[in-house]
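Heads up: the structure comes next, in structure tokens.
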């Protein structure tokens, strides 16, 4: 049985050229469960992309699915604007009880439009309004979305070029490690903040990812993050951690900054927060900076109630005790082992990232792309990252059974071997 | 039986001050079906807000619900990034067959992040990239969202103020009727476009709503729209119709510009496009302007597959023949009749809008707010609109049974009578 | 005797293509006195351009010249930064005594960089800092300079295009008469200021010329100006009158707004303020808005002391009594008479401007250009103005003897007759 | 004999609070010659400020003065817009012959508005138009003027704050030496230019001073400048050297980059270019980048003919052979010696700058200010520089006789000794 041509053809005929992943994974997917996706021909793929970290708990988690079907069957509210619903109350309760309270975070929860970019836009607006300052510091290789405000903070030149106009309001600084080990980039930030003539307008916020997902899995050192947090604090700057990709357990703990001894003023979340891959975004903000008035930052879908239903289940199922964290640690080690094998095949290759947000920089976007393409032929969905797409990036569901994880890793190792072997042959 | 205090209290304790509708409709909703919502105490309300026109087909439409439950039960893909899925193919097929083809529109469909603001941001980027121009003309009282690019096009000062920084790239022009009957505002637009020294930088796009939903239900005349479309065409400017609130049947036809003898270069859709109130946004763009490269405008949730499932049902159920259009026309007349009664009570009041997107300008935001508050006490969810919230706005589901529509209108008339009566008493 | 080729050639070889007037007046000037300029071949030209209104008192006024030579001979300070000099004190005394005091203006005098654009930039900064608002309203066909801040306020598309980037911070409104007699453009300004949802961010300032010199000699009606001034006042907006071209007597009185029953909060001056054509610029600002701190708006040449010397003489010589105003009125009538003759030759032509800032709109930039070119052949320096250069503009020195004025006007009439005659012949 | 109170009082009563130098040098100057200024009481001061490097040839140079008086006496054109005049031709000839030709520079000369800021604005516009890019790289502690475009490139926070709005279009990079000896800031520039995801939009221009005059006399190393020049060249970026303060011999050669083995694409000049302190500005631009159309960047005073007269004399008198360069070198050594003495008194003090653009960083703005104030009491005009005004900066006329130079230096050393002595006493 093969993919029906008509199904593919409608995309080629009528979908915009802006479509992207479908070009690399050129089949029609019909179902998905856990860490595997199935296409129209019945072929199954191990999924090491996981909706770009939107499916940290895998596809169609049975408990979330059951809760959502129940909700549907009793005509639970689907769309609630920002009205009170029981589903939203239950999510808030679960989130505060299991996530915020244990960390001593008294942050308010702001439901933004259900995309990461919208959460980032809201965070930037909050910081600007709260401080009365306009400038925002963002970092090399940062990715925060492609709507105009967020795009100004995104480093990627391809995405920036899509704006078709000039982007304003962000000062770019080098991320941790950008100049190698010999230079602590926080020194530059500190020098420019302390120098009234540096041309760095005192910022409203410092916006960063602790691990830059799109930018190549660059993981900042905790000491660098603490220092930046302290520079923010001492200058009245709000620290915004964009935990959209790195949060929800991806790096090993719920927040990517857990245990690092600083608390951001603002945290943006999206992607896996709904647990089920449903659109949902939110901003956590310290009460003293919760300055948006009623509907001042609004959006029709900030009440995607289906997402609240699954999000509550996700929080309760995975984050009410430490079991899941231990699972992630174990799986992260498996991933690291697999990537080490690949790195060992390629001179100069190096591991990137942390937790279950890891990859291997193979030094060339062409090579990384060929490895991923070959892996797809062998039944693995995996993608690249980095400024030149030179990092093979694994974002497997955090719930991936060890056997499936090994299976996927084996495919990836084989794919790398195939591609490198061909190169060797070609080079001979 | 009363609403459990604990449920409300979590919102007050932990949800951001940005929450809004819940302040006016201060109860906890638990279920909804068709044109009615039910709260935790079991009380039922007629819904004349319909998720701000996101629920044009009512809550939990049984056919869409069944399709979504089916999809869930077979582990259909929930989150598909922009990969091909069967659900997306089916939506595209249905949309092209039932909507685009009959109108001779060969526009490409671009799935953007699943919010209206994101669709508007994408449309603005497309127009800028396609034309190489930066400026965009938008209109007084226009509303296009609150992310930074879209917010620059939004007229509302309260929302603009939330930016916390300066907004750029948009030239504001007066909408149709802004200066009353004696002055055709398209004359000013034409004069400034033709005058190289007017200071109006030749725009990439003219962005407009045919009926300004948030701006007070200002409906542009077809001849004004045609003239603006022609000014766009003759100057190489792309015409963007933001049909997020006015589309999907709200004004009587699928697109708000149907039958007006012009075709926009770009159309933005969101709100009711999913049919079920699920987050979904898209941009229609003429093939020659489909200039965004792969993932140049990206977004994690542009593949909200649940929404594609319900959206397909909505298109097939309501737009495969003319039945629904006739229903809307009949119901629109009922709404107009009801609003006439209210207008008759208030000196100077006048009807606004068209189709099922109608309201009455009662001359004062305080009065309109009191009418809505009183209506809620009586079991009707209805909201205000306009620069000073002076328009009582009815956005009932287009599927509202005539009896329910009459019930809701009666509540509204009664509420108006109560409030005006109190005012008369107070004035005596 | 002919112009030495070598002199012209150095310009063609080494001066930037940005040079402009020298293209139309393609000779090398060597001396000038009163209303006449002489070129290297000894030919004399009547000057109806007067340095674009920078030479309102003619070239090399003998009293100013004598004072400047005296100053030089005693080694008077030439360049004084913003230090106190006796020449500056004398100018300030004369200016306050003869100009500000009689008008009851207690404005402070801010010496800016010695260009009009710099004065406008300073005025915009003052208004923004004083009000804490960012937006500035400027008008169609306004011209305020080509540095980035001022250029945002300038309407001309050719100049705006030179920015090479987007221009921000200015909302454009139609100037008085822009839509003809049937529509008072102040109505639109008022409507948008009063409408919180108009998209017009409440401005820091309204910036205007009372007669738009570069924009085609559009003279605003006093009642329109008064209304705009009142709209500014009642909304806490500062009114900036850019009197750089229209001031210093050009419209008949020292300020172009004299006798109009309103006082701007800020006035920008340059061009003829030095009296002698020397670079000088200043801003008058009400004391309560004098918010720039020491050197906050600085500039090396804000102490061009030579200009202070001649400026003092100009003020004392021409503005200590009413004689000069009467002279201007008489000469303005002569100019109007001359222009009427030309207007009478050309169907649809109409007079523009007021005072000694007048022209005739001949309906076509090509025709106006030909008239000016022909006039130059006949010994008259005169230029065009307007969005399409369709206005033949007379900016003769205000001191032009009546006989010289008549001589120049006769040349212009003859030139027009020649050109129109040729057109008639061509058309036959 | 004392300064007449009336003279001072008019400044306090009527001049804007923006006045600055007059606060530190609180007397009324009446004449000046060579390196000395005289006030109304007859007291003479040695001038180590020289109009902030606008008077490199001293006050009222007798040859320039004679030429200007001659020009005035024969009614030479004073104000010529951008028409050809014999004075302008003579300047162009002299400049091309003595300055450009010997360096093999075929740059075009663009006369901008007669201020440094205007020249910078023009340069930025040229670069943007020529490259079609918008972004411009400028450096920490750079100073380029305070009009909006130039101000975006200026680092000083006090001046930036005066904008009253957000400043755009410039990316800030650390200047040479900003992070000390251990880190070459050109490495960061190179890394960000080569990284498509760095967030540094490929710039139209890199704009820099070789010695940052206002920023604290930071002198870039020739090797750093060469490397930046090469990064510009290889990326299609125009290199703009702002030689407004450092040019015209201030660092020892006519251009501050002479002998460094690179040629800027664009050079901005003002300050001492007229030789006499008269307002004049110009831009040198390679012919292939001379893209401004006729009057696209215009300005009334770009034809300040008096300045052309003196500028020609300056070029011919000082730059037709090597004599003057040798004089500057000798005097620069004297200045360095004097500053060494001061540095020797103050722990941690260090010399800054090069050529006759030197100072001593005394570590504290308060101390530097006290030294300058004390020096003024003793008859020396000298100012501070640097982000915290911590550098005592000497900008003596390059023509200062050695005896006068020694006199001034002795005053400065005495002043420093007085102030430090007082501190010692206070500390005891």
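Residue numbers (this note's numbering), protein chains in the order written: chain A, 7 to 434; chain B, 7 to 434; chain C, 7 to 434; chain D, 7 to 434.
C-beta: ideal position from N, C-alpha, C; glycine also.
- Task: Measure the Cβ-Cβ separation of residue 190 of chain D and residue 214 of chain D and say whether it is below 8 angstroms.
- Result: Here the question's residue 190 of chain D lines up with position 184 in the fourth chain. Here the question's residue 214 of chain D lines up with position 208 in the fourth chain. Contact: no.
- Message: Suppose contacts are defined by Cβ-Cβ distances below 8 angstroms. Is residue 195 of chain A in contact with residue 208 of chain A by that definition?
- Response: As a working mapping, residue 195 of chain A is identified with position 189 in the first chain. As a working mapping, residue 208 of chain A is identified with position 202 in the first chain. No, the pair does not count as a contact, with Cβ atoms beyond the cut-off.
- Message: Taking the alpha-carbon of residue 26 of chain B as reference, which of A/300, A/321, A/110 and A/290 has the nearest alpha-carbon?
- Response: Taking the second chain and counting its residues from 1, one reaches residue 26 of chain B at position 20. The residue with the shortest Cα to Cα distance from residue 26 of chain B is A/300.
- Is residue 144 of chain B near residue 274 of chain B, with beta carbons less than 8 angstroms apart? On the second chain, position 138 is the one that residue 144 of chain B refers to. On the second chain, position 268 is the one that residue 274 of chain B refers to. No, they are not a contact pair.
- Query: Among A/424, A/341, A/142 and A/298, which has the Cα closest to the Cα of residue 245 of chain A?
  - Reply: Start at 1 with the first residue of the first chain, and residue 245 of chain A comes out as number 239. That would be A/142, whose Cα lies nearest to the Cα of residue 245 of chain A.
- Query: Under 7 angstroms Cβ-Cβ, which residues of chain C neighbour residue 244 of chain D?
  - Reply: On the fourth chain, residue 244 of chain D is found 238 positions in, with the first residue counted as 1. Within 7 angstroms Cβ-Cβ: nothing; residue 244 of chain D doesn't reach chain C, min ~11 angstroms.
- Have a look at residue 8 of chain C and residue 384 of chain C and give me their C-alpha separation to the nearest angstrom. For this step, residue 8 of chain C is matched to residue 2 along the third chain. For this step, residue 384 of chain C is matched to residue 378 along the third chain. Note that residue 8 of chain C has pLDDT 41, beneath the 50 cutoff, so the model's placement of it is unreliable and the number below is only indicative. About 17 angstroms.
- From what residue to what residue does the beta strand (DSSP E) around residue 288 of chain C run? The residue you call residue 288 of chain C lines up with position 282 of the third chain. Unbroken beta strand (DSSP E) run through residue 288 of chain C: 288-291.
- the stretch 60-88 of chain C: which residues have C-beta closer than 8 angstroms to a C-beta of chain D, in chain order? 60, 61, 65, 66, 71, 74, 75, 78, 79, 80, 81, 82, 83, 84, 85, 86, 87 and 88
- Message: Against chain E, does residue 370 of chain A count as a neighbour if the rule is that its beta carbon must be under 8 angstroms from one of theirs?
- Response: In the displayed structure, chain E is absent; the protein chains listed are A, B, C and D.
- Item | Close beta carbons around residue 17 of chain D, own chain, < 8 angstroms, minus the five adjacent residues each side | Numbered from its first residue, the fourth chain carries residue 17 of chain D at position 11. Result list for residue 17 of chain D: 25 and 28, in chain order.
- Uninterrupted beta strand (DSSP E) stretches inside the stretch 79-162 of chain A (no shorter than 3 residues): Within the stretch 79-162 of chain A, the beta strand (DSSP E) runs of at least 3 residues that lie entirely inside it are, in chain order, 114-117 and 142-145.
- Message: Output needed in chain order: residues of the stretch 194-209 of chain A with a Cβ under 9 angstroms from some Cβ in chain D.
- Response: Residues 194, 197, 198, 201, 202, 203, 204, 205, 206, 207 and 208.
- Which one or two residues does DSSP pair with residue 51 of chain B in a beta bridge? Position 45 of the second chain, counting from 1, holds the residue named residue 51 of chain B. Per DSSP, B/43.
- Nearest-angstrom beta carbon gap, residue 292 of chain B and residue 268 of chain B [assumed within contact, 8 angstroms]: Locating residue 268 of chain B in the second chain gives position 262, counting from the first residue. Locating residue 292 of chain B in the second chain gives position 286, counting from the first residue. That pair is no contact at about 13 angstroms.
- Continuous beta strand (DSSP E) assignments of at least 3 residues falling wholly in the stretch 299-339 of chain D: none
- Message: I'd like to know whether the C-beta of residue 403 of chain D is nearer than 8 angstroms to at least one C-beta of chain A.
- Response: The count along the fourth chain starts at 1 and reaches residue 403 of chain D at position 397. No, residue 403 of chain D does not count as interfacial toward chain A.
- Which whole-angstrom value is the C-beta distance of residue 331 of chain A and residue 258 of chain A, which I expect to be below 8 angstroms? The residue given as residue 331 of chain A occupies position 325 in the first chain. The residue given as residue 258 of chain A occupies position 252 in the first chain. Confirmed, about 7 angstroms.
- Message: Can you pull the chain B neighbours of residue 185 of chain C, defined as C-beta to C-beta under 8 angstroms?
- Response: Taking the first residue of the third chain as position 1, residue 185 of chain C is located at position 179. Chain B residues near residue 185 of chain C: 189, 193, 194 and 197.
- Task: Might you give, ordered along the chain, the residues of its own chain that have their beta carbon closer than 6 angstroms to the beta carbon of residue 96 of chain B, omitting 5 neighbours on each side?
- Result: To locate residue 96 of chain B, count along the second chain from 1; it is residue 90. Only 318 meet the Cβ criterion.
- Task: In the DSSP assignment, find the beta strand (DSSP E) that holds residue 169 of chain A and state where it starts and stops.
- Result: By one-based count along the first chain, residue 169 of chain A stands at place 163. First-last for residue 169 of chain A: undefined, no H or E at that position.
- Item | Residues near residue 98 of chain C in its chain [Cβ-Cβ closer than 8 angstroms; skip 5 each side] | Here the question's residue 98 of chain C lines up with position 92 in the third chain. Here the set comprises 115.
- Contacting residues, own chain, Cβ-Cβ under 6 angstroms from residue 206 of chain C (five flanking each side not counted): Stepping through the third chain from its first residue, residue 206 of chain C is reached at position 200. Closer than 6 angstroms at Cβ, skipping near neighbours: 177 and 198.
- Mapping DSSP to helix, strand and coil, what is residue 358 of chain C? Residue 358 of chain C sits at position 352 when you count from the first residue of the third chain. Three-state DSSP puts residue 358 of chain C in a strand.
- Message: Helix, strand or coil for residue 363 of chain C? Go by DSSP, reduced to three states.
- Response: The sequence position of residue 363 of chain C within the third chain is 357, counting from 1. Correct three-state label for residue 363 of chain C: strand.
- Query: Can you find a C-beta in chain D that's less than 8 angstroms from the C-beta of residue 228 of chain A?
  - Reply: Counting from 1 along the first chain, the entry for residue 228 of chain A is found at position 222. Not an interface residue.
- For the 8 angstroms Cβ check, are there 3 or more pairs between the stretch 310-325 of chain C and the stretch 274-290 of chain C? Touching, yes.
- Which residue's Cα is closest to the Cα of residue 120 of chain D: D/396, D/427, D/313 and D/370? As a first step, residue 120 of chain D must be located in the fourth chain, where it is residue number 114. The shortest Cα separation from residue 120 of chain D among D/396, D/427, D/313 and D/370 belongs to D/313.
- Task: Measure from the C-beta of residue 154 of chain C to each C-beta in chain D and report whether the shortest distance is under 8 angstroms.
- Result: Within the third chain, residue 154 of chain C is the residue found at index 148, counting from 1. For residue 154 of chain C, the answer is yes, since a Cβ of chain D falls inside 8 angstroms of its Cβ.
- Message: Just to check my reading of the structure: residue 403 of chain A and residue 41 of chain A have Cβ atoms closer than 8 angstroms, yes? What is that Cβ distance to the nearest angstrom?
- Response: In the first chain, counting from the first residue as 1, residue 403 of chain A sits at position 397. In the first chain, counting from the first residue as 1, residue 41 of chain A sits at position 35. About 5 angstroms separates the two Cβ atoms, so the contact holds.
- Query: Which residues, in chain order, does the stretch 120-151 of chain A contribute to contact with chain B at a C-beta distance below 7 angstroms?
  - Reply: 120, 121, 122, 123, 124, 127, 131, 134, 135 and 140
- Query: Taking the Cβ atom as the reference point for each residue, do residue 133 of chain B and residue 289 of chain B lie within a distance shorter than 8 angstroms?
  - Reply: In the second chain, counting from the first residue as 1, residue 133 of chain B sits at position 127. In the second chain, counting from the first residue as 1, residue 289 of chain B sits at position 283. Not closer than 8 angstroms, so no.
- Can you find a CB in chain C that lies within less than 8 angstroms of the CB of residue 296 of chain D? On the fourth chain, residue 296 of chain D is found 290 positions in, with the first residue counted as 1. It does; some Cβ of chain C falls within 8 angstroms.
- Item | Integer Cβ distance of residue 168 of chain B from residue 131 of chain A, believed to fall under 8 angstroms | On the second chain, position 162 is the one that residue 168 of chain B refers to. On the first chain, position 125 is the one that residue 131 of chain A refers to. Going by Cβ atoms, the distance from residue 168 of chain B to residue 131 of chain A rounds to 5 angstroms, so yes, they are a contact pair.
- Message: Suppose contacts are defined by Cβ-Cβ distances below 8 angstroms. Is residue 92 of chain A in contact with residue 34 of chain B by that definition?
- Response: By 1-based counting over the first chain, the position of residue 92 of chain A is 86. By 1-based counting over the second chain, the position of residue 34 of chain B is 28. Result yes, Cβ atoms of residue 92 of chain A and residue 34 of chain B sit closer than 8 angstroms.
- Which first and last residues belong to the alpha helix (DSSP H) in which residue 380 of chain C is found? Taking the first residue of the third chain as position 1, residue 380 of chain C is located at position 374. First-last of the alpha helix (DSSP H) with residue 380 of chain C: 371-383.
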